[in-house]
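Position one of the sequence shown corresponds to residue 10 (our numbering), numbered consecutively onward. One structure is given here, and the rest of the page talks about it.
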Amino acid sequence: MTAAHDYSDLHDIIERLEPVQVEELRCHALRLVKTPPPSRFRVLRSFDGPSDDLGARAKDIAREELGEADADR
10 MTAAHDYSDL HDIIERLEPV QVEELRCHAL RLVKTPPPSR FRVLRSFDGP SDDLGARAKD
70 IAREELGEAD ADR
């Protein structure tokens, strides 16, 4: 069994094209091959994390939120 696709219908269509149509199809096919497909992640920007190191500031944040006495627990 082969894993190749059967493109016999595509070959039949190409055989019926006029020379002008073949050139137009060739140009379009080359654009498809040369242009990488759009990435679904292209809208995502890089994320480096928050500018503050929250782990290093954990006690300070707890003191602000809970009060001085409860921060060290």
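By construction, the Cβ of each residue, glycine as well, lies at the ideal position given by its N, Cα and C atoms. In this text, all values refer to a predicted model and were calculated from it rather than measured experimentally.
Check: Per-residue DSSP class, three states only, for Pro65; Outcome: Before going on, a small fix: residue 65 reads as Ala here, not Pro. Three-state result, Ala65: coil.
Check: Cut-off 6 Å between Cβ atoms - residues of its own chain near Gly64, not counting five sequence neighbours on either side; Outcome: none
Check: Whole-angstrom distance between Asp21 and Asp8, CA atom to CA atom; Outcome: What the structure shows of the chain is the stretch from 10 to 82, and residue 8 is not part of that stretch, so it cannot be assessed.
Check: Three-way DSSP call (helix, strand, coil) for Glu74 in this model; Outcome: helix
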